[in-house]
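Visitor:
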Amino acid sequence: MNDVQWDETVDVVVLGSGAAGMSAALTCHFEGLRVLLLEKTDRIGGSTAVSGGAVWIPLNPGAAAAGHGDDTIEQVREYLRRTVGDASPPEMLQAYLDNGPAMVEYLQARGALALAARQYSPDYYPDRPGASLGGRAMDPLPFDGRRLGAHFKELRDPLKEFVVLGGMMVNVTDVYHLLGAWRSLKSFWHGGKLVLAYWMDRLRGYHRGTRLLLGNALAAQLFHAVLRERIPYRLNTPARRLHRDAQGRVAGVEVEQGGAVRRIRALKGVVVATGGFPWNAELRAECYPQPTGPWSMAPEGNRGEGIGMARGAGAVMGTGYASPAFWAPVSLWRKADGTVVRYPHLVWDRAKPGLIAVNRRGERFVNESASYHEFVSVMYRGEPAPEIPAYLICDHAFIETWGLGLALPGGRPRRHLIDDGYLVRAATLPDLAARLGIDPQRLAATVERYNGMAARGEDTDFGKGSTAYNRYLGDPAHQPNACLRPLGRGPYYAVEVVAGDIGTACGIRTDERARALDAQGHPIPGLFVAGNDMQSVMGGAYPGPGITLGPALTFGWVAGRALAAAD
3 MNDVQWDETV DVVVLGSGAA GMSAALTCHF EGLRVLLLEK TDRIGGSTAV
53 SGGAVWIPLN PGAAAAGHGD DTIEQVREYL RRTVGDASPP EMLQAYLDNG
103 PAMVEYLQAR GALALAARQY SPDYYPDRPG ASLGGRAMDP LPFDGRRLGA
153 HFKELRDPLK EFVVLGGMMV NVTDVYHLLG AWRSLKSFWH GGKLVLAYWM
203 DRLRGYHRGT RLLLGNALAA QLFHAVLRER IPYRLNTPAR RLHRDAQGRV
253 AGVEVEQGGA VRRIRALKGV VVATGGFPWN AELRAECYPQ PTGPWSMAPE
303 GNRGEGIGMA RGAGAVMGTG YASPAFWAPV SLWRKADGTV VRYPHLVWDR
353 AKPGLIAVNR RGERFVNESA SYHEFVSVMY RGEPAPEIPA YLICDHAFIE
403 TWGLGLALPG GRPRRHLIDD GYLVRAATLP DLAARLGIDP QRLAATVERY
453 NGMAARGEDT DFGKGSTAYN RYLGDPAHQP NACLRPLGRG PYYAVEVVAG
503 DIGTACGIRT DERARALDAQ GHPIPGLFVA GNDMQSVMGG AYPGPGITLG
553 PALTFGWVAG RALAAAD
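As structure tokens, then:
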């Protein structure tokens, strides 16, 4: 399209401001390119800012210091062979393994990233050959949001489930201390300092706490580097289409800005990293198993426009994936005013001792302490039909100790959740079964069988608490099995869970350099794809914590380097 009237010209345009987009933009900048970062919403950070923030990078630069210097590339390859298998091309997996550690070194050396390898964090299938008990997963170091200055308000806020007191971010360690504040002087001191710092932030006029953790800290680190390097970025600027020249090269992008259409020329190319399509009903119907619904924990702006533009430019979707999305069981609080709050049951309640998951027949069907992705995968494999919805059930002691979904522990108010139907409460198990619409006799038999196994400390039906990953999420103080305790006295509580997701895994097919491929497998000149718009390098499998953000950062970096090397 040689007759396009360009409004401005840069070397690279990056669409999307999550980990993949900012990694690509920063790399392009560090390599000497003029780059423009565009975000269609009014906030920076995308899915990254609302995520748990883990980054899975085997053989990363911090693994040895974390006590895992004996990990080897052969072990990693074996583990991926046993978990991913042929769901992803071997050359893509190899590109990820080759470039991940280099990406971490590159961005950390330039002050754009600060990660620490976990000393103990089992892979999600620790009983499979090649698995590791730590070192591969990395966490972003806490970030002081005040360093963003006035731009702090431009950073996407974390999920409400990651905050307390209306805006104080907490991690698992913080939660344990807050719950034990009146039982331990150490916990009281830890929690007291957090609460004091938070209220000081609010008194200073911040709309939330400035101690940033998890994915919010990761997004803030990258955003701070974007600001420091004075990389131009624009919010509220949705892209509408990609322009190709007469030779088929992606030469620029058409965007909407302030109600006007602008055409931005990209001399080197365009990086599409807009977050996948979890909120696109048409694509979900095309790619997801049924039933599905608007149950994603990703930002609602992730509607697949980037994938649509790439397809319009000749790119094709990947095939052969094990799953089209990265799953998580989600409970839905439908408020009286019609709004819906979604809660992801990721790592807090399901693995704790004293909880079971049952189907509509009142029977257990899954290891409750399996990974969130595995939990929903089992829901979909149900026979004769998917186990959707399912129910998480606990007793009074459990909910007071651990909470259940949006119902907080420690006697905190939950009447509103009961009144709105989110939390089901009953004095007896038969009454609970009746309220849930399941067979009371089957539920009673299920609980009786489970309680017998829990008393012995061994779940011979589904293996709850049988792996290092299970026990990692359980209660280490409870023995002999950190994940098993009989259900005791009522009242009893339940929440309904559906097959939610934290993002899509199927996307545009790329090569090892993050270049989008056409139907013949040829790279489309000038078009790069990263993040959840890209076909998952894990093929929709979920080997460990951080297998979305690790590839997002890595292939954003790969795209930036490839653009810098392009003619």
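In terms of the working numbering, the sequence shown is residues 3 to 569. For glycine and all other residues, C-beta sits at the position ideal for the given N, C-alpha and C. Since this is a predicted model, take the numbers as computed values, not measurements.
(1) Which stretch, first to last residue, makes up the beta strand (DSSP E) that contains Gly-308?
(2) Looking only at C-alpha atoms, which of Gly-260, Gly-261, Lys-270 and Ala-484 sits nearest to Val-252?
(3) Helix or strand or just coil, what does DSSP make of Met-3?
(4) For Leu-82, I'd like the list of residues in its chain whose CB is within less than 7 angstroms of its CB, leaving aside the five on either flank, ordered along the chain.
(5) Express the C-alpha separation of Glu-156 and Ala-532 in angstroms, rounding to a whole number.
(6) If you count every other CB in all the chains shown that lies within 10 Å of the CB of Ile-358, and 16 or more means buried, which is it?
(7) By the 10 Å Cβ neighbour count, where 16 or more other Cβ atoms means buried, how is Met-3 classified, buried or exposed?
(8) Three or more C-beta pairs closer than 8 angstroms, one from the stretch 387 to 397 and one from the stretch 485 to 505: is that the case here?
(9) How long is the line joining the alpha carbons of Ile-233 and Thr-175, rounded to whole angstroms?
(10) For Asp-461 and Ala-275, which I take to be in contact (beta-carbon distance under 8 angstroms), what is that distance rounded to the nearest angstrom?
(11) On the DSSP letters alone, give me the boundaries of the beta strand (DSSP E) that Phe-328 sits inside.
(12) Using only the alpha-carbon positions, how far apart do Cys-508 and Asp-520 sit?
(13) Could you pull the DSSP bridge partners for Gln-259 from this structure?
(14) Let's see if you can read the secondary structure: which residues bound the beta strand (DSSP E) around His-245?
(15) Given that a residue counts as buried once 16 or more other Cβ atoms are within 10 Å of its Cβ, and exposed if not, what is Gly-558?
(16) Can you tell which of Ala-51, Pro-386, Arg-246 and Ala-283 has its C-alpha closest to the C-alpha of Gly-528?
(17) Take the Cβ of Asp-1 as the centre, count every other Cβ of all protein chains shown within 10 Å, and call the residue buried at 16 or more, exposed below.
(18) What residue from Tyr-382, Lys-354 and Pro-553 has the CA that sits closest to Arg-487's CA?
(19) Within a Cβ cutoff of 6 angstroms, which residues of the same chain sit near Ala-564, ignoring the five residues on either side of it in sequence?
(20) Could you tell me the alpha carbon to alpha carbon distance between Met-171 and Lys-162, rounded to whole angstroms?
(21) Could one say the Cβ of Gly-217 lies closer than 9 angstroms to chain C's Cβ atoms, at least one of them?
(22) So who's on the other strand from Asp-125, going by DSSP bridges?
(23) Where does the unbroken alpha helix (DSSP H) through Thr-29 begin, and where does it stop?
(24) Return the chain-ordered ranges of every beta strand (DSSP E) run that is complete within the stretch 503 to 530 and spans a minimum of 3 residues.
(25) Please report the straight-line C-alpha distance between Thr-74 and Glu-302, rounded to a whole angstrom.
(26) In whole angstroms, give me the CA-to-CA distance for Thr-43 and Asn-238.
(27) Just to confirm the assignment, what range does the beta strand (DSSP E) spanning Leu-117 have?
(28) Just the Cα atoms here: how many angstroms apart are Val-368 and Gly-476?
(29) Please go through the same chain and pick out, in chain order, the residues whose beta-carbon is closer than 7 angstroms to the beta-carbon of His-226, but skip the five residues on each side of it.
(30) So what's Gly-412 in DSSP terms, helix, strand or just coil?
(31) Mapping DSSP to helix, strand and coil, what is Phe-145?
(32) Between which two residues does the beta strand (DSSP E) harbouring Asp-13 extend?
Guide: Per the coordinate set shown:
(1) As a first step, residue 308 must be located in the sequence shown, where it is residue number 306. Gly-308 -> not in any beta strand (DSSP E); alpha helix (DSSP H) instead, spanning 307 to 314.
(2) Counting from 1 along the sequence shown, the entry for residue 252 is found at position 250. Considering only alpha carbons, the answer is Lys-270.
(3) Translated into the one-based positions of the sequence shown, residue 3 becomes position 1. Note that Met-3 scores a pLDDT of 47, beneath 50, so its modelled location is shaky; the value from the coordinates is reported in the next line. Three-state DSSP puts Met-3 in coil, outside helix and strand.
(4) Position 80 of the sequence shown, counted from the start, is the residue given in the question as residue 82. For Leu-82, where only same-chain residues beyond five positions count, the Cβ hits under 7 angstroms are Leu-95 and Pro-545.
(5) Residue numbering aside, residue 532 sits at position 530 when the sequence shown is read from its first letter. Residue numbering aside, residue 156 sits at position 154 when the sequence shown is read from its first letter. Roughly 23 angstroms between the two C-alpha positions.
(6) Translated into positions along the sequence shown, residue 358 becomes position 356. By the 10 Å Cβ count, Ile-358 comes out buried.
(7) Walking along the sequence shown from the start, residue 3 turns up at place 1. No answer about Met-3 holds up, because its pLDDT of 47 lies below 50 and its placement is not dependable.
(8) yes
(9) Numbered from 1 along the sequence shown, position 231 holds the residue referred to as residue 233. Numbered from 1 along the sequence shown, position 173 holds the residue referred to as residue 175. Cα-Cα distance, rounded: 35 angstroms.
(10) Locating residue 461 in the sequence shown gives position 459, where the first residue counts as 1. Locating residue 275 in the sequence shown gives position 273, where the first residue counts as 1. With a Cβ gap of about 41 angstroms, Asp-461 and Ala-275 do not count as contacting.
(11) The residue labelled residue 328 in the question sits at position 326 within the sequence shown. Its beta strand (DSSP E) spans residues 327 to 336.
(12) By 1-based counting over the sequence shown, the position of residue 508 is 506. By 1-based counting over the sequence shown, the position of residue 520 is 518. Looking at the two C-alpha atoms, the distance is approximately 16 angstroms.
(13) Taking the first residue of the sequence shown as position 1, residue 259 is located at position 257. Its beta-bridge partners are Ala-262.
(14) For the purposes of this step, residue 245 is taken as residue 243 along the sequence shown, with counting starting at 1. From DSSP, the beta strand (DSSP E) with His-245 extends over 241 to 246.
(15) Residue 558 sits at position 556 when you count from the first residue of the sequence shown. Buried: at least 16 other Cβ atoms inside 10 Å.
(16) Here residue 528 refers to the residue found at position 526 when the sequence shown is read from its first residue. Of the candidates Ala-51, Pro-386, Arg-246 and Ala-283, the one whose C-alpha sits nearest the C-alpha of Gly-528 is Arg-246.
(17) This structure cannot settle anything about residue 1, because the visible part of the chain is limited to 3 through 569.
(18) On the sequence shown, position 485 is the one that residue 487 refers to. Nearest of Tyr-382, Lys-354 and Pro-553 to Arg-487, Cα basis: Lys-354.
(19) On the sequence shown, position 562 is the one that residue 564 refers to. Closer than 6 angstroms at the Cβ level, and outside the excluded window around Ala-564, lie Arg-515.
(20) For the purposes of this step, residue 171 is taken as residue 169 along the sequence shown, with counting starting at 1. For the purposes of this step, residue 162 is taken as residue 160 along the sequence shown, with counting starting at 1. Approximately 9 angstroms between the Cα atoms of the pair.
(21) The structure shown contains no chain C; it holds only a single protein chain.
(22) Here residue 125 refers to the residue found at position 123 of the sequence shown. For Asp-125, which the question treats as bridged, DSSP gives no partner whatsoever.
(23) Numbered from 1 along the sequence shown, position 27 holds the residue referred to as residue 29. Its alpha helix (DSSP H) spans residues 21 to 32.
(24) 517 to 519
(25) As a first step, residue 74 must be located in the sequence shown, where it is residue number 72. As a first step, residue 302 must be located in the sequence shown, where it is residue number 300. Whole-angstrom Cα-Cα distance: 39 angstroms.
(26) For the purposes of this step, residue 43 is taken as residue 41 along the sequence shown, with counting starting at 1. For the purposes of this step, residue 238 is taken as residue 236 along the sequence shown, with counting starting at 1. The straight-line gap from Cα to Cα measures roughly 5 angstroms.
(27) In the sequence shown, counting from the first residue as 1, residue 117 sits at position 115. Residues 117 to 119.
(28) Within the sequence shown, the letter at position 366 stands for residue 368. Within the sequence shown, the letter at position 474 stands for residue 476. C-alpha separation (whole angstroms): 16 angstroms.
(29) Mapped onto the sequence shown, residue 226 falls at position 224. If we look at His-226 and ignore the five residues flanking it on each side, its Cβ neighbours are Arg-149 and Leu-150.
(30) The residue given as residue 412 occupies position 410 in the sequence shown. DSSP places Gly-412 in coil when its eight states are reduced to three.
(31) The residue you call residue 145 lines up with position 143 of the sequence shown. Reduced to three states, the DSSP call for Phe-145 is strand.
(32) Sequence index remark: in the sequence shown, residue 13 carries index 11 (1-based). Asp-13 -> beta strand (DSSP E) spans 10 to 17.
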